[in-house]
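Chains as they are written, first to last, in full-length UniProt numbering: chain A, 1 to 341; chain B, 1 to 341. C-beta atoms are modelled at their ideal positions from N, C-alpha and C, and glycine is treated no differently. Bear in mind that the values here come from a model prediction, so they are computed numbers and not experimental data. The block underneath contains the structure these notes are about, expressed in structure tokens.
There are 2 protein chains.
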Amino acid sequence: MKGKATSFDIAHLAGVSQSTVSRALRGSPLVSEETRRRIQSAADTLNYKVDKNASNLRRQHTGTLALLLFEDPTADDSHINPFFLSMLGSITRASAQQGYDLLISFQQFSRDWHADFAGCQKADGLILLGYGDYQSHRDKLEKLVAQGTRFVRWGAVLPGQPGVSIGCDNFEGGRTATAHLIGQGCRRVAFLGDATPHYPEFHERYRGYADALRAAGLEVDEALQADAETTERAGYEAAELLLERGVSFDAVFAASDLIAIGALRALAERGLAVPGDVALAGFDDIPMASFVNPALTTVRQDTGKAGEVLVEQLLRLIRGDGAESAMLPAELKVRRSSLRR
Amino acid sequence: MKGKATSFDIAHLAGVSQSTVSRALRGSPLVSEETRRRIQSAADTLNYKVDKNASNLRRQHTGTLALLLFEDPTADDSHINPFFLSMLGSITRASAQQGYDLLISFQQFSRDWHADFAGCQKADGLILLGYGDYQSHRDKLEKLVAQGTRFVRWGAVLPGQPGVSIGCDNFEGGRTATAHLIGQGCRRVAFLGDATPHYPEFHERYRGYADALRAAGLEVDEALQADAETTERAGYEAAELLLERGVSFDAVFAASDLIAIGALRALAERGLAVPGDVALAGFDDIPMASFVNPALTTVRQDTGKAGEVLVEQLLRLIRGDGAESAMLPAELKVRRSSLRR
DNA sequence: CTGAAAGCGCTTACAG
DNA sequence: CTGAAAGCGCTTACAG
Chain A
1 MKGKATSFDI
11 AHLAGVSQST
21 VSRALRGSPL
31 VSEETRRRIQ
41 SAADTLNYKV
51 DKNASNLRRQ
61 HTGTLALLLF
71 EDPTADDSHI
81 NPFFLSMLGS
91 ITRASAQQGY
101 DLLISFQQFS
111 RDWHADFAGC
121 QKADGLILLG
131 YGDYQSHRDK
141 LEKLVAQGTR
151 FVRWGAVLPG
161 QPGVSIGCDN
171 FEGGRTATAH
181 LIGQGCRRVA
191 FLGDATPHYP
201 EFHERYRGYA
211 DALRAAGLEV
221 DEALQADAET
231 TERAGYEAAE
241 LLLERGVSFD
251 AVFAASDLIA
261 IGALRALAER
271 GLAVPGDVAL
281 AGFDDIPMAS
291 FVNPALTTVR
301 QDTGKAGEVL
311 VEQLLRLIRG
321 DGAESAMLPA
331 ELKVRRSSLR
341 R
Chain B
1 MKGKATSFDI
11 AHLAGVSQST
21 VSRALRGSPL
31 VSEETRRRIQ
41 SAADTLNYKV
51 DKNASNLRRQ
61 HTGTLALLLF
71 EDPTADDSHI
81 NPFFLSMLGS
91 ITRASAQQGY
101 DLLISFQQFS
111 RDWHADFAGC
121 QKADGLILLG
131 YGDYQSHRDK
141 LEKLVAQGTR
151 FVRWGAVLPG
161 QPGVSIGCDN
171 FEGGRTATAH
181 LIGQGCRRVA
191 FLGDATPHYP
201 EFHERYRGYA
211 DALRAAGLEV
221 DEALQADAET
231 TERAGYEAAE
241 LLLERGVSFD
251 AVFAASDLIA
261 IGALRALAER
271 GLAVPGDVAL
281 AGFDDIPMAS
291 FVNPALTTVR
301 QDTGKAGEVL
311 VEQLLRLIRG
321 DGAESAMLPA
331 ELKVRRSSLR
341 R
């Protein structure tokens with residue numbers, strides 16, 4: 001095969017000007033049916049495809065969305081967090097449905113990522129996904145806003161945040177899960193996960209947890225909380241820490257399923273039965289959650305819906321329609337790990 | 001902020017020509033250190049980024065790789081096959097490491113995908129990932145080759161295939177898993193999964209299965225095979241079919257973990273104990289495999305390695321170095337689901 | 001409805 | 001080591 005066909009080649013073949021080829025192929029109503037047909041068939045025989053780079057350069061637009069996936073550098077890098085993987089799938093689908101390509105890029109929190117994508121014309125807009133220290137994140141978000149970069153982020157939805165955020169109702173999720181554990185007769189409910197404003201999603205879950213405890217007339221005991229990022233290992237270690245502290249507890253609410261699954265292993269190794277000795281609940285409803293033994297009670301985040309909303313709001317931003325932050329419902333999924341009666 | 005800065009803006013600011021700016025920023029050795037510094041600092045203050053579209057158009061290159069993910073349209077579309085998700089993660093990482101962006105695109109087998117990416121300058125090369133009917137796939141692969149499109153595919157590695165294929169040693173994986181089941185004392189080993197050349201990966205696993213049976217002096221009984229695509233539901237249904245046939249079996253080798261997990265559920269519902277009544281093994285080692293109860297014996301495909309090799313070979317193709325098909329080792333992971341003694 | 005022409009923002013021979 | 005100029009392949013006012 002010789003070099004790629006251009007619009008000039010097909011103009012020549014169809015006996016029209018190159019401008020008309022361009023118009024015809026972009027579906028302009030200005031072109032007559034007959035001309036359009038001739039051009040189309042010429043394009044087909046030459047196997048012509050519009051050059052995206054040229055088209056994008058001219059139109060100042062890319063037709064692609066970029067997904068920036070942040071991973072905590074301390075996470076064991078063998079596997080991506082399954083929750084994000086699930087989001088990735090749903091975002092990919094949603095973009096495709098809207099006719100956009102999706103560019104995926106892994107980023108580390110520390111890096112100067114905010115500059116990399118803003119204005120280099122790789123994408124019309126950005127989707128930010130990932131946990132991590134929000135305080136350090138925030139500056140970059142503000143720069144993004146200042147630069148006029150279109151972006152939406154997945155995360156906690158709180159007042160005063162820069163840009164558009166989509167997230168689930170972490171507070172309500174935490175509250176419901178904890179209330180459920182209390183409803184099972186538990187009185188000493190531990191919380192596994194970071195509980196500071198640095199990690200707003202976990203913090204909201206923690207606030208919901210504390211709220212449920214107080215509503216039941218129970219004390220919020222700091223000795224019952226242990227930090228953990230979202231990995232199985234961190235969950236395992238946090239549970240061990242709790243055990244070593246010697247505080248008594250009859251339930252664990254983990255800020256994520258991965259943490260819960262790690263805790264489950266730690267508890268089993270100490271001979272503690274779930275749910276018999278300790279009732280357990282997680283957060284996310286990753287695919288694994290229903291397969292562990294016992295099946296894990298958790299708060300489901302609807303990743304399918306999340307992807308749709310993220311893409312939809314980003315496209316609104318791109319079109320200049322104005323987008324809004326939104327909070328998606330979190331749904332308690334009761335499984336065996338928390339059923340004590 | 002006003003419109004984006006161009007190379008002319010920074011040329012003006014640095015007091016040089018636009019060509020020099022371009023050279024300096026691309027790291028040409030022709031530019032003096034001092035000039036380069038001045039240009040760099042001008043670029044920094046104007047927050048200048050090279051426009052990818054323009055650069056790519058001029059250089060006739062994109063700096064991005066496209067991943068075409070094929071999903072069987074009959075699969076329940078709530079979740080992507082976890083094995084592919086894992087591959088996706090590893091491919092993303094590997095591309096990033098090589099300085100390439102990754103464009104992800106879901107495709108249906110039926111669609112005319114082969115034309116969509118070839119020559120439209122969206123990507124320098126293609127990675128094809130997904131199961132499905134190979135026969136219908138094949139024509140398109142041949143067209144891709146004819147068009148000179150650079151691509152590598154994940155799949156069975158067999159003689160006479162168009163293009164470069166990377167896959168794991170499916171035959172050996174199937175053989176080892178089956179031999180292990182036989183070693184556990186099983187004599188009637190069922191195979192769950194399509195076993196025709198239309199699905200070459202499964203077919204290879206089936207051939208390995210049959211080989212192990214014969215090597216042990218056991219008969220290959222067609223009544224012990226049931227078709228299934230890679231979903232939990234299909235695995236469940238295939239196991240049910242087997243049960244309804246009334247044939248006796250004391251082990252199941254499933255062509256994928258998802259199939260195995262579905263079978264596990266079907267067996268449990270009939271009151272059959274795994275591994276007590278039926279020993280079970282799968283293929284892939286998806287994250288879930290170690291979390292089901294009992295933990296699933298399986299053949300591990302090293303997705304991390306797979307992504308690296310795929311990207312590496314594709315880049316060789318792009319550079320014109322010539323790439324070769326390669327078969328990666330498959331490793332048996334023995335867990336509780338197959339241990340009868 | 002169609003064509004001639006400008007221009008999107010770069011890269012890279014060519015000339016000095 | 002640097003600059004002036006051509007050109008990558010389109011899209012889109014402008015003129016007819």
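With the cut-off set at 9 Å, would you say residue i and residue j are in Cβ contact?
| i | j | result |
| --- | --- | --- |
| A:A289 | A:T178 | no |
| B:G307 | B:R93 | yes |
| B:L102 | A:G89 | no |
| B:L296 | B:L264 | yes |
| A:L65 | B:D51 | no |
| B:P275 | B:S337 | yes |
| A:A43 | A:I91 | no |
| A:C186 | A:R340 | yes |
| B:R215 | B:D250 | For clarity, residue 215 of chain B is Ala in the given sequence; the question names Arg instead. Going by C-beta atoms, B:A215 is not nearer than 9 Å to B:D250. |
| A:G63 | A:D124 | yes |
| B:A268 | B:A226 | no |
| A:G271 | A:E232 | no |
| A:I104 | A:L67 | yes |
| B:L141 | B:P159 | no |
| A:A273 | A:L243 | no |
| A:G130 | A:E219 | no |
| B:T303 | B:D257 | no |
| A:V164 | A:Q18 | no |
| B:H198 | B:D139 | no |
| B:N47 | A:Q147 | yes |
| B:I97 | B:V309 | Per the sequence presented here, residue 97 of chain B reads as Gln, with Ile not at that position. No, the Cβ-Cβ distance between B:Q97 and B:V309 is not below 9 Å. |
| A:S7 | A:S22 | yes |
| A:K305 | A:L332 | no |
State buried or exposed for residue i, treating a residue as buried only when at least 16 other CB atoms are found within 10 Å of its CB.
| i | result |
| --- | --- |
| A:P73 | Because the pLDDT at A:P73 is just 46, under 50, the model does not fix this residue reliably, and the point stays unresolved. |
| B:E229 | buried |
| A:D284 | buried |
| B:L30 | exposed |
| A:K2 | Because A:K2 carries a pLDDT of 47, less than 50, the predicted location of this residue cannot be relied on, and the following value inherits that uncertainty. So A:K2 ends up on the exposed side. |
| A:Q301 | buried |
| B:G15 | exposed |
| B:G208 | buried |
| B:D169 | buried |
| A:H61 | exposed |
| A:Q135 | exposed |
| B:F291 | buried |
| B:A5 | buried |
| B:P82 | buried |
| B:A330 | buried |
| A:F253 | buried |
| residue 343 of chain B | Examination of residue 343 of chain B is not possible in this model, given that chain B is present from 1 through 341 alone. |
| B:R335 | buried |
| B:D77 | Low per-residue confidence applies at B:D77: pLDDT is 49, beneath 50, and the placement is therefore not dependable enough to give any value. |
| B:G322 | exposed |
| B:G174 | buried |
| B:Q184 | buried |
Compute the beta-carbon to beta-carbon distance between residue i and residue j, rounded to the nearest angstrom, for a pair I have assumed lies under 8 Å.
| i | j | result |
| --- | --- | --- |
| A:G235 | A:L192 | 6 Å |
| A:A248 | A:R205 | First, the residue type needs correcting, since residue 248 of chain A is Ser and not Ala in the sequence shown. In fact, because the Cβ distance is near 23 Å, the residues do not count as touching under 8 Å. |
| B:L126 | B:F106 | Incorrect: roughly 14 Å between the Cβ atoms, too far for contact. |
| A:A260 | A:F202 | Rounded, the Cβ-Cβ distance is 13 Å, inconsistent with contact. |
| A:T35 | A:T45 | 16 Å between Cβ atoms; not a contact. |
From the DSSP secondary-structure annotation, give me the bridge partner or partners of residue i.
| i | result |
| --- | --- |
| residue 368 of chain A | For chain A, the structure presents residues 1 to 341; residue 368 of chain A sits outside this window and is missing. |
| B:F70 | B:Q107 |
| A:T231 | For A:T231, which the question treats as bridged, DSSP gives no partner whatsoever. |
| A:L102 | A:L65, B:I104 |
Taking beta-carbon pairs under 8 Å, can you tell me which members of the stretch 290 to 305 of chain A lie near chain B?
F291, V292, N293, G304
Could you list the residues in the stretch 316 to 341 of chain A with a C-beta less than 7 Å from some C-beta on chain B, going in chain order? none
Of all the residues that make up the stretch 272 to 283 of chain A, which are near chain B by a beta-carbon distance shorter than 7 Å?
none
Against chain A, which members of the stretch 89 to 108 of chain B pass a CB distance test of less than 8 Å? Under the 8 Å Cβ criterion, the stretch 89 to 108 of chain B contributes G89, T92, R93, A96, D101, L102, L103, I104, S105, F106.
Which residues, in chain order, does the stretch 233 to 252 of chain B contribute to contact with chain A at a C-beta distance below 7 Å? none
Q.
For the stretch 27 to 58 of chain B, list every residue whose C-beta sits within 8 Å of some C-beta in chain A, in sequence order.
A. Taking 8 Å as the Cβ-Cβ cut-off against chain A, the residues of the stretch 27 to 58 of chain B that qualify are N47, K49, V50, D51, K52, N53, A54, N56, L57.
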